[in-house]
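Whatever position you read off the sequence shown (first residue = 1), add 139 for my numbering.
Glycine included, C-beta positions come from ideal geometry on N, C-alpha and C.
Report on the following structure.
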Amino acid sequence: MLFNSLHFVFFFPIVILLYFSLPHRRRWLFLLATSYYFYMAWKPEYGLLLLFSTVVDYYAGLKIGQTQHQFHRRCYLWLSLAVNLGVLFGFKYLNFFNETTRQLLDQFNIFYNVPAFDLLLPVGISFYTFQTLSYTIDVYQGRIEPEKHFGYFALYVSFWPQLVAGPIERASHLLPQLKQLHYFNEAEVKAGLIRILWGFIKKLVIADRLALYVDEVYNNPGVYDGTTILLATYFFTFQVYCDFSGYSDIAIGTAKVMGFQLSENFRRPFFARSPAEFWRRWHITMTNWFRDYLMFPLMRHPRLHLPWYAALIITFILVGLWHGANWTFIAWGGLQGLFIMVGRWYQFYYHRYMPKLLPFTLPDKTIALLQIVLTFNLITLSVIFFRADTIQQAVNYLQAIFFDWGWQIPPMPRGWPDFVLSLILIMALLVSEYLLQDRPIEEVIRPKVMPVRWAFYIAGLLLLTWFGVFTQNQFIYFEF
Numbered sequence: 140m141l142f143n144s145l146h147f148v149f150f151f152p153i154v155i156l157l158y159f160s161l162p163h164r165r166r167w168l169f170l171l172a173t174s175y176y177f178y179m180a181w182k183p184e185y186g187l188l189l190l191f192s193t194v195v196d197y198y199a200g201l202k203i204g205q206t207q208h209q210f211h212r213r214c215y216l217w218l219s220l221a222v223n224l225g226v227l228f229g230f231k232y233l234n235f236f237n238e239t240t241r242q243l244l245d246q247f248n249i250f251y252n253v254p255a256f257d258l259l260l261p262v263g264i265s266f267y268t269f270q271t272l273s274y275t276i277d278v279y280q281g282r283i284e285p286e287k288h289f290g291y292f293a294l295y296v297s298f299w300p301q302l303v304a305g306p307i308e309r310a311s312h313l314l315p316q317l318k319q320l321h322y323f324n325e326a327e328v329k330a331g332l333i334r335i336l337w338g339f340i341k342k343l344v345i346a347d348r349l350a351l352y353v354d355e356v357y358n359n360p361g362v363y364d365g366t367t368i369l370l371a372t373y374f375f376t377f378q379v380y381c382d383f384s385g386y387s388d389i390a391i392g393t394a395k396v397m398g399f400q401l402s403e404n405f406r407r408p409f410f411a412r413s414p415a416e417f418w419r420r421w422h423i424t425m426t427n428w429f430r431d432y433l434m435f436p437l438m439r440h441p442r443l444h445l446p447w448y449a450a451l452i453i454t455f456i457l458v459g460l461w462h463g464a465n466w467t468f469i470a471w472g473g474l475q476g477l478f479i480m481v482g483r484w485y486q487f488y489y490h491r492y493m494p495k496l497l498p499f500t501l502p503d504k505t506i507a508l509l510q511i512v513l514t515f516n517l518i519t520l521s522v523i524f525f526r527a528d529t530i531q532q533a534v535n536y537l538q539a540i541f542f543d544w545g546w547q548i549p550p551m552p553r554g555w556p557d558f559v560l561s562l563i564l565i566m567a568l569l570v571s572e573y574l575l576q577d578r579p580i581e582e583v584i585r586p587k588v589m590p591v592r593w594a595f596y597i598a599g600l601l602l603l604t605w606f607g608v609f610t611q612n613q614f615i616y617f618e619f
């Protein structure tokens, strides 16, 4: 079920009304049923896959908690890892692996031809797989106790506001909330609705409008000049941000209406002063997952004990692969790791040597602005690999950007008016995020006097009505 669908318009208020009407002891069962309904609205078979993953990790967690023998505990951990990653590999990476193997063996004249499997990637599989894996790993490492109530654990895995595109929640944060008694809280409901409105503005007004320009340019390689491609790339950066953070806002808002607090997933990433800071502000729950469960273990493993830069590059290559089974995503992820590595070296040598070499010093605010601009442009240029279909196509786009300057009428339905409107919306987004200063919008709007609050409500609804693109475009991160 899409948040931006008529189906959800009816689903959400009915769920809220029934949830607060039910006694506490029945609410977990109601939320579990609605979560599976929400997920199976795409395809009923998805529910069986979700249930299978849930049963395996519930069983593995219980056995790890009950068993004292370290070898047996490790076996149950590996059972969870093998099943979850095996299912993810089968649906998401098997065809990519077979095709890559075939191309490699062709270089040695070795015949390898496995037919492609026509498997439809289940929505949100990368998200809930990582969420369940974090539970099993945390139980194994003694950070949390295994959950004995299967219903609560199944709800933790499938909680519908964040099931298909995050935030990726840790069991220590979400599971206790699922067991708490939540009363109808007018202030929390208002805060949640504000957050939902903000998310829909990002998605329908900004992201889906920018998509009109981006899709036209990137779906027609070789047609547009470098200037148009560069603008489309800038637009795509904002499109992805508004699309994904808009989903997170709606997820956080819907959960907040019911009394649940989900993790923040974005904190003004375009104001980051370095690539490392950007990734501390972008898709925070995924970044933290890879840091805690992959990068740090690679650095601390007694046999591997990899230096930080090797663990960093490996981690971000896998971050890229998590997003999609394509060499373009691997290249994009590798570039993120490279940017962070170079940025760390730059900071070390800059503070150590530059004050001695430069005859003058720039004001701190000027340095900060230059760092923000440089970081944003590095991230944006790398996004070409994220959006392109092939490595060669990405290289062609980069060549056009640097060597094929020109100017064409913006490829949007209404030409210049749509283009100018898109620029205005981007500027309004940046100004609003600058003013918010890392605070959730509901914390800023809710304490204001009534005229200010209602001005926001009316302005938001008018924006949706006048400028929203109501074509039920799927959220970009549903593909991952």
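Check: First and last residue of the alpha helix (DSSP H) that includes residue 187?
Finding: For the purposes of this step, residue 187 is identified with residue 48 of the sequence shown, where counting begins at 1. From DSSP, the alpha helix (DSSP H) with residue 187 extends over 184–205.
Checklist line | Segment contact, 8 Å Cβ cut-off, at least three pairs: the stretch 267–283 with the stretch 192–207 | finding: yes
Notebook entry, point to check: Do you know how far the Cα of residue 260 is from the Cα of residue 601?
Noted result: Reading the sequence shown from its first residue, position 462 is the one you call residue 601. Reading the sequence shown from its first residue, position 121 is the one you call residue 260. Each residue's Cα considered, the two are about 36 Å apart.
Notebook entry, point to check: Nearest CA to the CA of residue 284: which residue from 353, 527, 197, 440?
Noted result: Within the sequence shown, numbered from 1, the residue matching residue 284 stands at position 145. Answer by Cα proximity: 197.
Margin query: One question on the structure: do residue 577 and residue 406 come within less than 8 Å of each other, judged by their Cβ atoms?
Written below: Reading the sequence shown from its first residue, position 438 is the one you call residue 577. Reading the sequence shown from its first residue, position 267 is the one you call residue 406. Yes. Within cutoff.
Notebook entry, point to check: Between residue 473 and residue 452, is the Cβ-Cβ spacing less than 8 Å?
Noted result: Taking the first residue of the sequence shown as 1, we reach residue 473 at position 334. Taking the first residue of the sequence shown as 1, we reach residue 452 at position 313. A contact, by the Cβ cut-off of 8 Å.
Notebook entry, point to check: To which residues of the same chain is residue 179 closer than 7 Å at the C-beta, ignoring the five residues directly before and after it?
Noted result: Walking along the sequence shown from the start, residue 179 turns up at place 40. Excluding sequence neighbours, residue 179 sits near 185, 186.
Check: How big is the Cα-Cα spacing for residue 164 and residue 190?
Finding: Position 25 of the sequence shown holds residue 164. Position 51 of the sequence shown holds residue 190. Taking the CA atoms as reference points, residue 164 sits about 22 Å from residue 190.
Next item on the list: With a threshold of 16 other CB atoms inside 10 Å of the CB of residue 632, please say whether the residue is buried or exposed.
Entry: The structure shown has nothing for residue 632, since the chain only spans 140 to 619.
Checklist line | First through last residue of the alpha helix (DSSP H) which encompasses residue 376 | finding: Sequence index remark: in the sequence shown, residue 376 carries index 237 (1-based). Start and end: 365–396.
Note to self: In this structure, how does DSSP classify residue 424 when only helix, strand and coil are distinguished?
What the structure shows: Along the sequence shown, read from residue 1 onward, the residue named residue 424 stands at position 285. Residue 424 falls in the helix class under three-state DSSP.
Next item on the list: Give me the Cβ distance between residue 344 and residue 375, rounded to the nearest whole Å; I'm assuming they're in contact under 8 Å.
Entry: Within the sequence shown, numbered from 1, the residue matching residue 344 stands at position 205. Within the sequence shown, numbered from 1, the residue matching residue 375 stands at position 236. Rounded, the Cβ-Cβ distance is 17 Å, inconsistent with contact.
Check: Does the stretch 306–326 come close enough to the stretch 393–404 that 3 or more CB-CB pairs lie under 8 Å?
Finding: yes
Next item on the list: Hey, could you find the ends of the alpha helix (DSSP H) residue 571 is sitting in?
Entry: Within the sequence shown, numbered from 1, the residue matching residue 571 stands at position 432. For residue 571, the enclosing alpha helix (DSSP H) starts and ends at 555–575.
Check: CB-CB under 8 Å to residue 235, same chain, minus the five flanking residues each way: which ones, in chain order?
Finding: Translated into positions along the sequence shown, residue 235 becomes position 96. Residues 464, 465 of the same chain have their beta carbon placed closer than 8 Å to that of residue 235, with the five preceding and five following residues left out of the count.
Next item on the list: Enumerate, from N- to C-terminal direction, the unbroken alpha helix (DSSP H) stretches of 4 or more residues contained entirely within the stretch 287–345.
Entry: 289–297, 310–318, 325–339
Next item on the list: Please list, in chain order, all residues of the same chain as residue 363 whose beta carbon is under 6 Å from its beta carbon, the five residues on each side excluded.
Entry: Residue 363 sits at position 224 when you count from the first residue of the sequence shown. For residue 363, same chain residues with a beta-carbon under 6 Å away, outside a window of 5 residues either side, are 356 in chain order.
Notebook entry, point to check: Do residue 382 and residue 610 come within 8 Å of each other at the CB atom, strictly closer than that value?
Noted result: Within the sequence shown, numbered from 1, the residue matching residue 610 stands at position 471. Within the sequence shown, numbered from 1, the residue matching residue 382 stands at position 243. Taking 8 Å as the Cβ cut-off, residue 610 and residue 382 do not qualify as a contacting pair.
Item checked: Nearest-angstrom beta carbon gap, residue 430 and residue 579 [assumed within contact, 8 Å] -> As a first step, residue 579 must be located in the sequence shown, where it is residue number 440. As a first step, residue 430 must be located in the sequence shown, where it is residue number 291. Rounded, the Cβ-Cβ distance is 23 Å, inconsistent with contact.
Checklist line | Whole-angstrom C-beta distance between residue 396 and residue 155, which should lie under 8 Å | finding: The residue labelled residue 155 in the question sits at position 16 within the sequence shown. The residue labelled residue 396 in the question sits at position 257 within the sequence shown. About 6 Å; that satisfies the 8 Å criterion.
Item checked: CA nearest to the CA of residue 421, picked from 244, 414, 408 -> Translated into positions along the sequence shown, residue 421 becomes position 282. Comparing Cα positions, the closest option is 408.
Next item on the list: Round the Cβ separation of residue 338 and residue 307 to the nearest angstrom and send it over; I've been treating them as touching at under 8 Å.
Entry: By 1-based counting over the sequence shown, the position of residue 338 is 199. By 1-based counting over the sequence shown, the position of residue 307 is 168. Your pair residue 338 and residue 307 does not check out as a contact, with CB atoms roughly 18 Å apart and the cut at 8 Å.
Note to self: Suppose the cutoff is 6 Å on Cβ atoms and the five residues either side in sequence are ignored; what does the same chain contact list for residue 433 look like?
What the structure shows: For this step, residue 433 is matched to residue 294 along the sequence shown. Answer for residue 433: 454, listed in chain order.
Note to self: My assumption, with CB atoms under 8 Å, is that residue 323 sits in contact with residue 159. Please give the rounded CB distance.
What the structure shows: Here the question's residue 323 lines up with position 184 in the sequence shown. Here the question's residue 159 lines up with position 20 in the sequence shown. The Cβ separation is near 5 Å, so the contact holds.
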